[in-house]
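Visitor: The following block contains the structure, expressed as structure tokens.
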């Protein structure tokens, strides 16, 4: 039997060769690499329902049900993205989960809706997902407005914007806890970070690629004798549990809630477009308009059907882009395996609790490497963005500066209308919009006005 052809390192398509994105790996490698993606995103998936549940008056059991449902729907959306159906799915190693962008608006909707909080939120998410699905092809046509100077800026902002999440996890995750920011929490994060770096330096081949997963396991074992994790969650979890459709009642449709979530959907689509472009460059398969449209269809369809299973709005998880960049494992089937694991976790609360044993400081230590890798990929993209030409350096400077405002000064926009905060509080969205606008002004509209006149044709 002939050996499977290997794809060249320069990621240039060659007839007869399989692109790394479309490679299938051995089962064990597929499972462990997929599990690594799940470990990297787990906290991000369960955090929104963990915040929303208590905010709208749900019990601990009901909040746990929402967390399991979020894992289940994240798995469905991830399978839509990676495997694809018809024109749905980017068919890239793209992970989907509950969007953080919707947390604040959903809490506000829930408090205003009282006992009907969850049905009203679900109704708004369904409408927003349907609207996004209709708009997806039009977003796909915007790809020509995302040259390297824009995508490099956005990728860098994605990584930098995610780093505070890792820092928060490293301190314990709960700002009201007595041990938040304690030496024990930060020390555990630092130990995990050191373990990951040492493993990346000493290991080779497949073991090097799963260094993050090994580091998470080692950090969790270190946390056991320190009392930072235990087996209580396993004892209290059910073996099997299916997210009953419309568990909290039939969706309700209120105009104010729908408008709010539609704005969130547009923000998520903007961020997902940037994420698709970033991932396409990292895996050596640059995203075209069709790929972006397919990816956005998967995002929006996943969002529209998630409330059926008690889930929320779905969008791309940028932290997993960092994992792809670091491990160099570019197969979309690996991430599809991660989607399958997410579905199983949603159906098996005991299995979900195993992943939940990883303390947040341990996740934070690994997250510093993951999210930093995204920023490094953005800087690498900017290196090829012809910064010496025109006003490209100015575009990057202004866009990064504006994008860093929500990170460096979280209360900067406190006096602005609440509806605008959905966009302004996202450094990725504001930085992306500024980069697009300045690129249009300096490299498109300005280029037409200042284009040199053609040289006269020499007489013969």
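Numbering (this note's numbering), first residue to last: -2 to 457.
Every residue gets a Cβ at the ideal spot worked out from N, C-alpha and C, and that includes glycine.
These figures come from a predicted structure and were not determined experimentally.
1) I'd like to confirm the pairing. Which residues does DSSP put opposite residue 94 in its beta bridges?
2) Using the rule of at least 16 other Cβ atoms within 10 Å of the residue's Cβ for burial, across every protein chain shown, is residue 138 buried or exposed?
3) Within a Cβ cutoff of 6 Å, which residues of the same chain sit near residue 83, ignoring the five residues on either side of it in sequence?
4) Between the Cα of residue 429 and those of 366, 269, 365 and 337, spot the shortest distance and give me the residue it belongs to.
5) If you draw a straight line from the C-alpha of residue 435 to the C-alpha of residue 205, how long is it?
6) Using 8 Å for Cβ pairs, my map puts residue 376 next to residue 153. What's the rounded Cβ distance?
7) Three Cβ pairs or more, each shorter than 8 Å: is that satisfied between the segment 395 to 411 and the segment 155 to 166?
8) Measuring straight from C-alpha to C-alpha, what distance separates residue 93 and residue 317?
9) Identify whether residue 192 lies in helix, strand or coil by the three-state DSSP scheme.
10) Thinking C-alpha only, which one of 275, 142 and 280 is nearest residue 439?
11) Would the beta-carbon of residue 112 be found less than 7 Å away from any heavy atom of the ligand FAD?
12) Between residue 442 and the rest of its own chain, which residues show a CB-CB distance below 7 Å, the 5 nearest in sequence each way excluded?
13) Could you pull the start and end residues of the alpha helix (DSSP H) that residue 370 belongs to?
14) Which residues mark the beginning and the end of the alpha helix (DSSP H) in which residue 254 is found?
15) Nearest-angstrom Cα distance between residue 91 and residue 372?
16) So, for residue 125: in the same chain, excluding its five sequence neighbours on each side, which residues have a beta-carbon less than 6 Å away from its beta-carbon?
17) Report the residue ranges of all alpha helix (DSSP H) runs contained in full by the segment 143 to 214; include only those spanning at least 4 residues, in chain order.
18) Say whether the segment 105 to 123 touches the segment 279 to 293, bearing in mind that this needs 3 or more beta-carbon pairs closer than 8 Å, one atom from each stretch.
19) Quick check: what's the CA-CA separation for residue 60 versus residue 294?
20) Excluding sequence positions up to five away, which residues of its chain have a Cβ less than 6 Å from the Cβ of residue 437?
21) Could you tell me how far apart the beta carbons of residue 212 and residue 363 are, in whole angstroms, since I believe they sit closer than 8 Å?
22) Alpha carbon to alpha carbon, how far is residue 184 from residue 355?
23) Quick one: what's got a C-beta closer than 6 Å to residue 74's C-beta in the same chain, skipping five residues either side?
24) Ignore the nearest five residues each way along the sequence and tell me which others in residue 381's own chain have a CB closer than 6 Å to its CB.
25) Give me, in chain order, the residues of the same chain whose beta-carbon lies closer than 7 Å to that of residue 279; leave out the 5 immediate sequence neighbours on both sides.
26) Return the chain-ordered list of same chain residues with a C-beta closer than 6 Å to the C-beta of residue 366, the five sequence neighbours on each side being excluded.
27) What's the C-alpha gap between residue 255 and residue 85?
28) At the level of alpha carbons, what is the spacing between residue 115 and residue 249?
29) In or out: residue 457 buried (at least 16 other Cβ within 10 Å) or exposed?
30) What residues in its chain sit with their C-beta under 6 Å from that of residue 151, if we drop five residues either side in the sequence?
31) Starting from residue 82, follow its DSSP beta bridges and name the residues at the other end.
32) Can you find the residues in the same chain that come closer than 7 Å, C-beta to C-beta, to residue 418, ignoring five residues on each side of it along the sequence?
33) Give a yes or no on whether the C-beta atoms belonging to residue 243 and residue 200 are separated by under 8 Å.
Guide: Concretely, from the data shown:
1) Your numbering for residue 94 matches position 97 in the chain shown. Residue 94 pairs with 312.
2) On the chain shown, position 141 is the one that residue 138 refers to. Exposed, by the Cβ-count rule.
3) Taking the first residue of the chain shown as position 1, residue 83 is located at position 86. Here the set comprises nothing.
4) Residue 429 sits at position 432 when you count from the first residue of the chain shown. If we check each option's Cα against that of residue 429, 269 comes out closest.
5) Locating residue 435 in the chain shown gives position 438, counting from the first residue. Locating residue 205 in the chain shown gives position 208, counting from the first residue. Using only the alpha carbons, I get a separation of about 41 Å.
6) Taking the chain shown and counting its residues from 1, one reaches residue 376 at position 379. Taking the chain shown and counting its residues from 1, one reaches residue 153 at position 156. Right, the Cβ-Cβ distance comes to about 6 Å (below 8 Å), so this counts as a contact.
7) yes
8) Translated into the one-based positions of the chain shown, residue 93 becomes position 96. Translated into the one-based positions of the chain shown, residue 317 becomes position 320. C-alpha separation (whole angstroms): 9 Å.
9) Reading the chain shown from its first residue, position 195 is the one you call residue 192. In this structure, residue 192 counts as helix in the three-state DSSP scheme.
10) Locating residue 439 in the chain shown gives position 442, counting from the first residue. That would be 142, whose Cα lies nearest to the Cα of residue 439.
11) Of the ligands one can find in the structure shown there are none, so the ligand FAD has no counterpart to examine.
12) Mapped onto the chain shown, residue 442 falls at position 445. So the list is empty, once near-sequence residues are dropped.
13) The count along the chain shown starts at 1 and reaches residue 370 at position 373. Run containing residue 370: 357 to 380, per the alpha helix (DSSP H) assignment.
14) Here residue 254 corresponds to residue number 257 of the chain shown, with the count starting at 1. From DSSP, the alpha helix (DSSP H) with residue 254 extends over 252 to 280.
15) Mapped onto the chain shown, residue 91 falls at position 94. Mapped onto the chain shown, residue 372 falls at position 375. Residue 91 and residue 372: Cα-Cα distance of roughly 17 Å.
16) If you number the chain shown from 1, residue 125 lands on position 128. Result list for residue 125: 258, 259 and 262, in chain order.
17) 145 to 168, 180 to 199 and 202 to 206
18) no
19) Here residue 60 refers to the residue found at position 63 when the chain shown is read from its first residue. Here residue 294 refers to the residue found at position 297 when the chain shown is read from its first residue. So the two alpha carbons sit approximately 28 Å from each other.
20) If you number the chain shown from 1, residue 437 lands on position 440. Cβ within range, chain order: n/a, list empty.
21) Locating residue 212 in the chain shown gives position 215, counting from the first residue. Locating residue 363 in the chain shown gives position 366, counting from the first residue. Indeed, because the Cβ distance is near 6 Å, the residues count as touching under 8 Å.
22) By one-based count along the chain shown, residue 184 stands at place 187. By one-based count along the chain shown, residue 355 stands at place 358. About 15 Å.
23) Looking up residue 74 in the chain shown gives position 77. Closer than 6 Å at Cβ, skipping near neighbours: 93, 299 and 311.
24) Mapped onto the chain shown, residue 381 falls at position 384. Cβ within range, chain order: 145.
25) Position 282 of the chain shown, counted from the first residue, corresponds to residue 279. Closer than 7 Å at Cβ, skipping near neighbours: 318, 321, 322 and 374.
26) If you number the chain shown from 1, residue 366 lands on position 369. Excluding residues within five positions, the ones whose Cβ falls inside 6 Å are 193.
27) In the chain shown, residue 255 corresponds to position 258, counting from 1. In the chain shown, residue 85 corresponds to position 88, counting from 1. Rounded to the nearest angstrom, the two C-alpha atoms are 24 Å apart.
28) Taking the chain shown and counting its residues from 1, one reaches residue 115 at position 118. Taking the chain shown and counting its residues from 1, one reaches residue 249 at position 252. One C-alpha to the other measures close to 9 Å.
29) Numbered from 1 along the chain shown, position 460 holds the residue referred to as residue 457. Only weak support is given to the placement of residue 457: the predicted model assigns it a pLDDT of 40, under 50, and the question is left unresolved by the model.
30) Mapped onto the chain shown, residue 151 falls at position 154. Within the same chain, residue 151 has close Cβ partners 271 and 429.
31) Here residue 82 corresponds to residue number 85 of the chain shown, with the count starting at 1. According to DSSP, residue 82 bridges with 85.
32) For the purposes of this step, residue 418 is taken as residue 421 along the chain shown, with counting starting at 1. So the list reads 410, once near-sequence residues are dropped.
33) Along the chain shown, one-based indexing puts residue 243 at 246. Along the chain shown, one-based indexing puts residue 200 at 203. Not in contact: residue 243 and residue 200 (Cβ atoms no closer than 8 Å).
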